[in-house]
Amino acid sequence: MTLSALIFILVAGGLLAWMADRRRPGSAKWVALATAGIEFLLTIWLWLQPAGALAFPPHGGWLAETRAEWIPRFGVSFHLAMDETSLILVMLTAFLGMVSVACSWTEIQERAGFFYFNLLWTLAGAVGVFLALDLFLFFFFWELMLVPMYFLIAIWGHENRRYASIKFFIFAEGSGLFMLVAILALVFVHYRSTGILTFDYFELLNTAMSPSTGLWIMLGFFIAFAVKTPIVPLHVWLPDAHTEAPTAGSVILAGVLLKTGAYGLLRFVVPLFPDAALQFAPVAMALGATGVLYGAFLAFAQTDLKRLVAYTSVSHLGFVVLGIFAWNPWSLGGAVMQMIAHGISTGALFVIAGILQERTHTRDMRRFEGLWSVMPRLAATGLFFAIATLGLPGMGNFVGEFLILMGLYRASSVLASVAAVAFVASVVYALALVQKTFHGENTHGWQLPDLSGREMATLYTMAAITLWLGLYPQPVLDAAPDIASRPPAIAAAHGEENTE
Amino acid sequence: MNPLPSAPYSNLMALSPLILLAGSAVVVMLAAAFYRHPRPVMMLTLAGLALSFASLFLPRGIGSRQATALLVLDTYALFFIGLIFAATFVVAMLCYRYFGGSESRHEALYILLLLAALGGGTLVASSHFVSFLLGLELLSISLFALIAYPRFTERPLEAGIKYLILAGFSSGLLLFGMALVYAQLGTMQFAKIGTMLAGPHQALELYGMAGLALIVAGVAFKLALVPFHMWTPDVYEGAPAPITALVATVSKGAMLALLLRYFLMAGAHQSQSIAFALSLVAVMTILAGNLLALLQDNIKRILAYSSIAQLGYLLVGFLAFGAMGAEAVAYYLAAYFVTMLGAFGVVTVLSEGAPKQDSDLLADYAGLFWRRPWLAGVFTAMLLSLAGIPLTMGFIGKFYVLAAAISASLWLPVIVLVIGSAISLYYYLRIIAAMYASDSNTDHDKKISPAVPASLAESITLAALTGLLIGLGIYPSLLIPPLEAMAAQVAELAQYPILAYVPWNANDSKS
């Protein structure tokens, strides 16, 4: 019940925000903030539950489960379940939901009701993706979160919004269709061998199939997740979408939507196709390492602040892909950590970019310079998150990247050394960002108000979380190794890889 | 299969939907002759359609399926007759204000609508070449007149003549094909053709094959499958918007249902070459429809190419054959009906302020969401359904078709379907992006024809269609059980082991 509530609160909140704004303009943001807040409190409550109280026997490690018949004809059920990883990602979603409402507070003036409706529905779709354990349901949410996101970019985006939104939608939706075909192929392979038509995750685990079939079906899933994550040759939609989206859209895109791709790799690609994934792992890891370097180098070359941050996402998510395909407790812990830490730190950088754009109406870093003297608080938080992004010890990102490299070294020392180069590149782009934007003389004569109370509350909370993740990462790390040991078949399959 | 020697009475009962509809066409004609006011005539039309629709639920208990050698009224026929009558009902609702409401004399339109529905109903129930041709001509001839109904305007006339010539041509092909099949086999009953071909060492010879190919070509004209699709955009653009909806739904849906029945009963799909040709046609239809739609700036033309592509998707489900294929086709057609009626319904409502020409340019839709949010919302839902996005029937339909095709291992059509759908997103999003664009403010409003608010009937119709679209998109299980029963029945009707194609049924009997 709680799990359905996690989705329906957001759905209902979105409708309520839209209606409220028709009655009383300006009330939508309060409704949206309350909705995201309730969602967040609910996840905290779930987090605080003693693990034994909610766990149910058949599939160890799951905290809660809901199941109801939906389309019996196809063996589709409304099946939600939550383990530690989903819980922590839903928490991240709810938290970034509050952040994105807060950072749209004054930015969104026109059609606010419809804006918050779309925002909350995107979040609802993402929460659904993190919780669904029926492949049909998963696909349903996967596609569903795209439509409101499309509207967020297309209506409230910046100059080039039409192009960016259509590109985003076609990439995400087109790749999703390949996943649909792969899901159906998997289901029918399962049907032919067992005579049971089902879309249930647990039933489809350990489906027997020939290696080549497994590889093809896995590739169908992989394409969809690779577009979303993004993995390098399929990342081209990302810089445009992130740059043109309104601040809240960028925060949700970077913080939540990219995580759905990585989560898909973690939850579906490897567990459903352990053999094919093992076979494919070298390619995927090579692509991940390419992404790490490519994103970092392109980030350095950008002059558009949001575009720079967007490319850092490509780099950081490359680490996540490496961590997932190395598949050992260290790298997986690191991958989950990196997902959370990246969500917070990149989200914060987008919030900062949004604040600057709202005040200066530009994102061009060549026009900033010397903002430290004008807005010291903003500049200080900018510096803080820039060094968090480059992976300074003591911040969450460091823990994630360090653990990934440690785990990766056991799988492939070459790739680990290649990925480690990115630490240098990320220092370069992060410091370049700080220097170009905040240091130097205020040659353009900017006169801008510093952070308001609302903005301070948002950014300082995010900074505190980044520090907490860096100094006491254990709660997040606890969420991950669980996966490595379950189901046993996969751990065994990857045991071989680890010994190489 | 021998026609059941059923009593005339139960035959009449079984045929009651078609008889009632024919009767109401006569009543409406008489009413229009003596009392020339559109409103009562429209009311009578709607009542006739509703009555015939209600009578669909009668014959089921009697169990008589084969009513005369010509028509078979099984659940398959009843489902599609229901769909056609419901679609005609919606079109009639949309026509009233579009054609001028109570001030214009457009009573004859309703008679034609009823006849078109009757033709469609005959088509989906026919099990014999004679009833096939009869239904087809009834439908086509009503459509010529309907398309060219605003006879003082240029574009509808042009469209009507185009349709007349091509429909005549395709009927000619069909007739010739039927004659060739008859020449080889000496029967015109679908079931008998099937029985003959199912016998050992029996197959269509050259004549029969040529005949089958000609029949498929003739039907492909009506369905606007790719090498025979040229007429569609022009006719869609020229015809009055509600009539376009009728052409897109009733005419195409009835033809496809008939073709599927013919293939299943007469065993045509066992011919490898025909199956191969059809999958080639499906691939070309999907690609050509979607690619050509990218080039259009006119909403009706975009929808025309989109409907070509949609028929291509349907054909992929069709190629799966067997119970699963029939089920997928039936669901997808239902989704397609709702979606196309809704989309052209919006075009109809928007066109009411424009006497000369329908509001069908992309520019007419710029910023629509901020001027008329409900209409734009309905249109968005319809376009998303065409694109196959969740929460809509279109998504479930596409899922169904893909499931059927994958269970039959039709990989090439499946991949093309996926690519086609990805391409199609662009032109649907173009329309959506235009509707939600905020930069078209005051100066545009003057150019755009004065907005006529939707009448109550139109609002209810569009709301009902949207409700259906989303309701059955979220909870398709309401529609699936009857479809499942229907598909099982139509697969049973076939005289040869098509069940071997689909291992699907084994499961159903178990569970």
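Protein sequence lines, in the order shown, are assigned to chains A and B. The numbers in the numbering used here rise by one with no breaks, and the one at position 413 of the first sequence is 413. Take any residue in the second sequence, count from 1 to its spot, add 1000: that is its number in the numbering used here. Each residue gets a CB set at the ideal place from its N, CA and C atoms; glycine is no exception. Computed from a predicted model, the values in this text were never measured in an experiment.
| Asked | Found |
| --- | --- |
| So which residues on chain B does A/G255 lean against when the C-beta distance must stay under 8 Å? | Neighbours of A/G255 on chain B: none; closest Cβ ~23 Å, over 8 Å. |
| What would DSSP say about B/H1128, mapped onto helix, strand or coil? | strand |
| How many Å lie between A/V309 and A/A245 at the Cα? | 13 Å |
| Just list the residues that DSSP pairs A/S77 with in beta bridges. | A/E69 |
| Which class does A/W62 belong to by DSSP, given the choice of helix, strand or coil? | strand |
| Mind checking the region 1403-1418 of chain B against chain A and listing, in chain order, the residues whose C-beta falls within less than 8 Å of any C-beta there? | A1403, I1406, S1407, V1414, I1415, V1418 |
| Should B/L1012 be flagged as near chain A, meaning a C-beta pair shorter than 7 Å? | no |
| Mapping the DSSP letters down to three states, classify B/L1018 as helix, strand or coil. | helix |
| For A/L405, which residues in chain B fall below 8 Å Cβ to Cβ? | Correct list: empty, because the minimum Cβ distance to chain B is about 37 Å. |
| Could you check whether the region 2-10 of chain A touches the region 113-132 of chain A, counting it as contact only if at least three pairs of C-beta atoms, one from each stretch, sit closer than 8 Å? | yes |
| Just to confirm, is the Cβ distance from A/L471 to A/M375 under 7 Å? | no |
| B/F1089 and B/L1114: beta carbons closer than 7 Å? | no |
| Roughly how many whole angstroms lie between the Cα atoms of B/Y1336 and B/G1394? | 7 Å |
| Starting from B/Y1035, trace the alpha helix (DSSP H) both ways and give me its first and last residue. | Here B/Y1035 belongs to no alpha helix (DSSP H), and DSSP marks it neither H nor E. |
| Buried or exposed, going by whether 16 or more other CB atoms sit within 10 Å of the CB of A/Q109? | exposed |
| Determine the closest residue to B/L1303 out of B/L1362, B/L1015, B/L1315, with distance taken between C-alpha atoms. | B/L1362 |
| Hey, quick one: how far does the alpha helix (DSSP H) through A/H316 stretch, first residue to last? | 305-326 |
| Reducing DSSP to helix, strand and coil, say where B/A1408 ends up. | coil |
| Restricting to Cα atoms, I'd like to know which of A/W216, A/E39, A/Y460 is closest to A/T94. | Sequence inspection shows Ala at residue 94 of chain A; the Thr mentioned does not correspond to that position. Nearest of A/W216, A/E39, A/Y460 to A/A94, Cα basis: A/E39. |
| When you compare the CB of B/Y941 with every CB in chain A, is at least one pair closer than 7 Å? | Nothing in the structure corresponds to residue 941 of chain B, since chain B is present only between 1001 and 1511. |
| Please classify B/I1460: is it buried, with 16 or more other beta-carbons within 10 angstroms of its beta-carbon, or exposed? | exposed |
| Within 10 angstroms of its Cβ, does A/E159 collect 16 or more other Cβ (buried), or is it exposed? | exposed |
| If you draw a straight line from the alpha carbon of B/A1334 to that of A/L80, how long is it in whole angstroms? | 30 Å |
| Where B/L1044 and B/S1052 are concerned, what is the direct C-alpha to C-alpha distance, given to the nearest angstrom? | 12 Å |
| When the distance is taken between beta carbons, is B/Y1207 closer than 7 Å to B/A1183? | yes |
| I want to verify the contact list: residues of chain B whose CB lies under 7 Å from the CB of A/F140, in sequence order. | P1390 |
| Classify B/G1172 as buried or exposed, calling it buried when 16 or more other Cβ atoms lie within 10 Å of its own Cβ. | exposed |
| Going by Cα to Cα distance, which pick from B/A1328, B/L1469, B/G1345 is closest to B/D1360? | B/G1345 |
| Among the residues of its own chain, which have a CB less than 7 Å from the CB of B/T1348, if the five just before and after it don't count? | L1094, Y1098, A1241, P1242 |
| Using three-state DSSP, classify B/Q982 as helix, strand or coil. | Residue 982 of chain B lies beyond the residue range present for chain B, which begins at 1001 and ends at 1511; the question has no answer from this structure. |
| Between which two residues does the alpha helix (DSSP H) harbouring B/Q1272 extend? | 1272-1293 |
| Note down, in chain order, each residue of its chain lying with its Cβ closer than 8 Å to the Cβ of A/Q49, except the 5 sequence neighbours on either side. | L63 |
| Taking B/L1073 as the reference, give the member of B/I1480, B/V1124, B/R1155, B/Q1310 with the closest Cα. | B/V1124 |
| Measuring only between beta-carbons, confirm whether A/I183 sits less than 7 Å from chain B. | no |
| Can you find at least 3 beta carbon pairs, one from the region 199-214 of chain A and one from the region 237-256 of chain A, that sit closer than 8 Å? | no |
| Name the chain B residues whose beta carbon is nearer than 9 Å to that of A/P230? | Neighbours of A/P230 on chain B: none; closest Cβ ~17 Å, over 9 Å. |
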